[in-house]
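Student:
So this is what it looks like as C-alpha cells:
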C-alpha cells in the first residue's frame, strides 16, 4: 500500500474521531475522503460509529459506491454510501464529505428558518444553505439516502454549496480537503447553536453581509487557522486517549495478504 | 446457573450502565428484561442506581413482582417493580422495559404537547405516545407506581405502544429485546430534545408522516444498525472504565452457595 | 478528636464534593452541618471551593459564627458564615445547610416566577419557596450576607421552609441531616431545570398538588431512596478520583498538637 | 531570563488553560499580559489554541505588536495581536487582556440587548458593556481585528470599561492583573448565560443597581475571593492533567542560546 494511502487512512480515522469527540456525530453518521491518488475512488470506514473507527476499518469504493475489492466476510459497508459517491461524482472540487445528525442542526431540518452566518466562524456555511426533502421526489421513505438516484438528488440539491440540510434527517457537508471538511462541519454546527440561542430573543437576526462572509470564510480557510484548529482537535483526542494509532507497515502487508486470499 | 442466564445478567448490567452513561438515568430509574428461558420471570437489579449495577446485583422475579427466591438479608428490591411485572404480563411481545426521569422528557410530562417523530432516529417513539396520569384512578399519591393495580393501570395506558409518558413523573419504555429497548430509550430521548429545541421557534412542527415513521423505525431496528449502536455504546463504557465485568463461573457457584444457606 | 467528629468531617467533605461534582456549586458556595454532639456548634470548611475541601479543612464555629478555637495563622473562614449560624439558631430542626449560585436557579432569583414542584423528585422544594431581597432591609449592598443581622433576616425569610431564593444572588437550602441536604440541593436544582425548560412552552405549569408533594417528599426522604442516592453520588466521586480521603487518626493527633501550640 | 518573566510565562500559560478548560475559549481566542517589569511590552503565545499553550510558546511584543526579537523560523504569531497592543497603549491601568468567541456571549453580539449584571458574580461586567461594530469605520471586513487602526478603534470603543462586545465576532475583556482578567472573563460569561436563560421568561430583567454592582465588584476583586477562585481553577486543571509545567531554568538558557543564533 502506498505511503499516501496509509497516511490518508490515518487522517480519515482522525477526522472521524474529531467530529465525534467534538459532539456532532453520535452512533450514526460518517466521514469520507476522495482517494489521495485516484480521483475515481473514495475512502470510507466499514459500518461502524465514527468514534471507534480505526485506519484498518477503511475501504476503497468506486464513485458508484461499489467496493473496489470485495469486502472481507462479515464486514459490511454503510447503508448511505451513495451520499458520498454521488457528491464526489457531481463535484470534482469536493474531496471530503461528512454526514451527521448533530442535535443543534436538527431543529433547522424541521422549520423554514434558513441558516445564516451569525459570526465570522460561521461564514463557512457559504452563501446559501439549501434544503433537500426526500418527499419531493421519493414520497414516503425511511428517510435514509440508500439508492443511487436518492444520492444524486441530494447532490443536485447541494449544488455549488458546502452544506445541505435534509428535512427530518440531518446535514451533509462538503470540503475541498479533509481538514477543511472537519472545520466546516464543526463551525457550521457552532453557528447553528448560536442561531438557536439568538432566535429566542424574538428579534430579526443580523447576519454577516455577503462581503463579510466571503472575506471571513477565505480567511478562516487559510493554512494558519486550519493548522491551528487541527492541532487543537488532535491534542484533545490525544489527551482523551482517543487518537487512533496509524497502520503499521508490517500489519498492512499481512492484512493485505489475508484479504487477497 | 445456565449460561444463558449468566449472559443475560451481564447484558442487563451493560444496558443499565449505557442508559446512565448516555445521560438519561441518574440516581433513580431502572432497566429490566424478561428471563431468557422462562417467560414467566423477569430479571432486574436490587435497589441500586443503574450506573453502579453489577451482574451479581440482578435477581429473578415472577410476573407478580415477587422474588423467585427470598432476597438475601439486607438486600432490597426496587419500589416500582410492578411497572415491569405488569407490562410483561400484559405484553407477551415485550421482553425488556426501562423507566426513567430523563430531564428532556420531563417538560412533556407536564404539558399537553404530544411527542412526535421529528427525525428518522425518533421514529421509534411509535405511532402514538400515550399519557398516564396517576390522579385519574388513584388521586393524590406519591407519584410512584407501587401497587399492582397502579402497574396494571400504567400497562393499560401503554397499550400496544412503546413509550408512555407519566404525568409529573417520567417515562416508561418497552422493547422486544434488550438492545432494542436501549435503542428506543436513547433515541426517544434525543427526539424529545429536538422537539424541545424546535418548539422555541413558535411554528408548527413538521413530523414524519406515518409511512415515513413506519419505514424508518423498521430500518433502525434491523440487525446492522442495532449492532452498530450497541458496539458504540459498549465502547464508550469501556473507554470510561464503566463496562461491567461478567460474572465468573466460580464466583457464581460460590455466591449461589452462600445465598442458599 | 471523637470518632463521631472525625466521621462528620469526612461526611461533610464528601457532601461538599458531591454538590460540586453534580454541577451545582462552582468556585463559590459552601456546605455546613451542625456539630454531631454539640448542637451549639456547626462545622464548615475554611474559605475554599467545595470541590477541593478536605476533612482537615473543616473547623468548628459557634452559632454566632465565631471559630471555637482561633483559626491557624494564614487560614481564613468564609465571608458568609452567618447564613449558616443564623439558620442553625432559628431552626433547631435543621442540621445541615448549603448555599449556592447554581446557574439554573439564578433566573428564578431575577423574575417573579415561583418555583413549583413539577415532578415527584422536585417535591422536596416544600410547600413554598420564599424570596429574600437584601434591598428590603439593607438597601444597596454587595449582595453577600456578611453581617449577623443580614443572616438573621435571611433566616426569617426562610421561615419553616427548606429553600429560600435570594434576589440577584442565589439559593440557600436546609436539611434535617447531611444526606437530606444534599438530596434537597440537587433535586431542587433539577426541578428548577425542568421549570426553565417547561416555561418555554408558554402554557400554564401543572405542578404537583399539595397532597402529592407531601406524599412524594416523605417517600423520597425515606432511608432506602436516601441511601441509594448517596451510594450513587459517592460512586461517581470515586470513579472520578474525587472522593476525599478520611482523616487518619495519627494525622489528627499531630494536627491537633500543632494547632494547640 | 529573570525569575519574574519565567513566572509570568507560567502564569500566562495557566490562564490560557483555565479559560479553555472552563469552556469559554475553543480553538480560537487568546490571552495576554503586560510584561512584568517593562510596561512597554506584552507577553502572548505564538499562534496556538489556548488549551495547548506552554510557557515556552510565549513571546514578547512591543505595544505596536511587533515581536521584540524575531520569531524563530516556522513560528507564527496570532493575527489579531493589535487587539492586545492597542488596549495596552490606550489603558495604562490594564495589565491583561483576553479575546474570545464564547458561545453564550455570541447572541449578545447579534442583538441590541445590553448585558446587565443579574447576580453579584456578574457585577464585574462593569457599569457599561459597549458594542464595537467593525462596519462602522471599516465596512466589509473578514471581521478579524488585524490592522493597527482596527485595534485602536476597538480600544476606543472599550473606553474606560472592562468588556467590549464585537458585533458578529466575540468579546474582548480587560483586567488590572491576570487573575482579575480570568475572573472577569469567566464570570462575565456566566452572567451572559444567566441573561440568556432569564430572557426566555419574557419579562423585564431586574439587574443590580449601580450601587450594588460597584460594591459587589469591589468585593469580588478582593484578594481572598480572587485567591479562592484561582486555587479552584488550578486544582481543576491539575485533576484533569492539564496544568502546564513551568519552564526549567536549564531549558530556558538552552532555548535562549538557540534563539540567539
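Chains as they are written, first to last, in the working numbering: chain A, 477 to 737; chain B, 477 to 737; chain C, 477 to 737; chain D, 477 to 737.
Beta carbons: idealized from backbone N, C-alpha and C, even for Gly.
Opposite residue 646 (chain A) in the DSSP bridges: which residues?
Tutor: A:642
Student: Which bits of chain D does residue 527 (chain C) rub up against, with CB to CB less than 8 Å?
Tutor: Per Cβ cutoff of 8 Å: 708, 711, 712.
Student: Chain D beta carbons: is any one of them nearer than 8 Å to that of residue 511 (chain C)?
Tutor: no
Student: Taking the alpha-carbon of residue 652 (chain A) as reference, which of A:600, A:674, A:675 has the nearest alpha-carbon?
Tutor: A:600
Student: What does residue 519 (chain B) pair with, by DSSP beta-bridge criteria?
Tutor: B:509, B:536
Student: For the beta strand (DSSP E) containing residue 486 (chain B), list its first residue and its last residue.
Tutor: Note, residue 486 (chain B): premise wrong, no beta strand (DSSP E); alpha helix (DSSP H) at 479-497.
Student: Buried or exposed: which applies to residue 513 (chain A), given that a residue is buried once 16 or more other Cβ atoms fall within 10 Å of its Cβ?
Tutor: By the 10 Å Cβ count, residue 513 (chain A) comes out exposed.
Student: In chain A, which residues lie with their C-beta within 8 Å of the C-beta of residue 673 (chain B)?
Tutor: The contact set of residue 673 (chain B) on chain A, defined by CB atoms closer than 8 Å, consists of 579, 580, 582, 583, 672 in chain order.
Student: Assuming the contact rule is C-beta atoms closer than 8 Å, residue 630 (chain B) and residue 640 (chain B) should be a hit. Round their C-beta distance to whole Å, please.
Tutor: With 8 Å as the limit, residue 630 (chain B) and residue 640 (chain B) qualify as a contact, their Cβ atoms being about 7 Å apart.
Student: Would you say residue 492 (chain B) faces chain C, with C-beta separation under 8 Å as the test?
Tutor: no
Student: Please report the straight-line C-alpha distance between residue 594 (chain C) and residue 580 (chain C), rounded to a whole angstrom.
Tutor: 15 Å
Student: Quick one: is residue 523 (chain A) near chain B, going by C-beta distance under 8 Å?
Tutor: At least one C-beta of chain B is nearer than 8 Å to the C-beta of residue 523 (chain A).
Student: Tell me whether the beta-carbon of residue 598 (chain C) lies closer than 8 Å to the beta-carbon of residue 663 (chain C).
Tutor: Yes, Cβ-Cβ distance for residue 598 (chain C) and residue 663 (chain C) is below 8 Å.
Student: Please compile the residues from chain D whose C-beta is within a distance smaller than 9 Å of the C-beta of residue 676 (chain A).
Tutor: 583, 672, 675, 676
Student: If you check the beta carbons only, do residue 618 (chain C) and residue 695 (chain D) fall under 8 Å apart?
Tutor: yes
Student: Is there contact here, the region 528-538 of chain B with the region 485-494 of chain C, by at least three beta-carbon pairs under 8 Å?
Tutor: For the pair of segments examined, the region 528-538 of chain B was found not to touch the region 485-494 of chain C: the number of CB pairs separated by less than 8 Å stays below three.
Student: Using a beta-carbon distance cut-off of less than 7 Å, what residues from the region 590-602 of chain A approach chain D?
Tutor: 594, 595, 596, 597
Student: Please classify residue 698 (chain B) as buried or exposed, where buried requires at least 16 neighbouring CB atoms within 10 angstroms.
Tutor: Counting Cβ neighbours within 10 Å, residue 698 (chain B) comes out exposed, since fewer than 16 surround it.
Student: DSSP state of residue 528 (chain B), grouped into three classes?
Tutor: helix
Student: Taking CB distances under 8 Å as the criterion, tell me whether residue 646 (chain D) reaches chain A.
Tutor: yes
Student: By the DSSP assignment, the beta strand (DSSP E) with residue 560 (chain C) in it spans what residues?
Tutor: It is not in any beta strand (DSSP E) - residue 560 (chain C) instead sits in the alpha helix (DSSP H) that spans 557-566.
Student: Distance check for residue 637 (chain C) and residue 684 (chain C), CA to CA, integer angstroms please.
Tutor: 17 Å
Student: May I ask you to report which of helix, strand or coil DSSP gives residue 678 (chain D)?
Tutor: coil
Student: Nearest to residue 526 (chain A) by CA position, among B:707, B:721, B:714, is which residue?
Tutor: B:707
Student: Who are the Cβ neighbours of residue 495 (chain C) in its own chain at under 8 Å, not counting the five residues just before and after it?
Tutor: 501, 505, 507, 526, 574, 576, 658, 661, 662
Student: Taking its Cβ as the centre, do 16 or more other Cβ atoms sit within 10 Å of residue 666 (chain D), making it buried, or is it exposed?
Tutor: buried
Student: Could you tell me the boundaries of the alpha helix (DSSP H) in which residue 610 (chain C) lies?
Tutor: 610-614
Student: From the DSSP output, read off the bridge partner residues of residue 651 (chain C).
Tutor: C:572
Student: For a cutoff of 8 Å on Cβ pairs, would you count residue 586 (chain A) as touching chain B?
Tutor: yes
Student: Straight-line CA distance for residue 583 (chain D) to residue 523 (chain D)?
Tutor: If I take the Cα positions, the gap works out to 26 Å.
Student: Got a sec, what are the start and stop residues for the alpha helix (DSSP H) residue 710 (chain B) sits in?
Tutor: 699-715
Student: Reducing DSSP to helix, strand and coil, say where residue 686 (chain B) ends up.
Tutor: helix
Student: Give me, in chain order, the residues of the same chain whose beta-carbon lies closer than 8 Å to that of residue 555 (chain C); leave out the 5 immediate sequence neighbours on both sides.
Tutor: 523, 620, 622
Student: Between residue 701 (chain D) and residue 547 (chain B), what straight-line distance do the alpha-carbon atoms span, to the nearest angstrom?
Tutor: 52 Å
Student: Can you give the beta carbon distance from residue 497 (chain A) to residue 672 (chain A), rounded, assuming they're within the 8 Å contact cut?
Tutor: No, residue 497 (chain A) and residue 672 (chain A) are not in contact; Cβ-Cβ is about 21 Å, not under 8 Å.
Student: Please list the terminal residues of the continuous alpha helix (DSSP H) segment that includes residue 632 (chain A).
Tutor: 624-634
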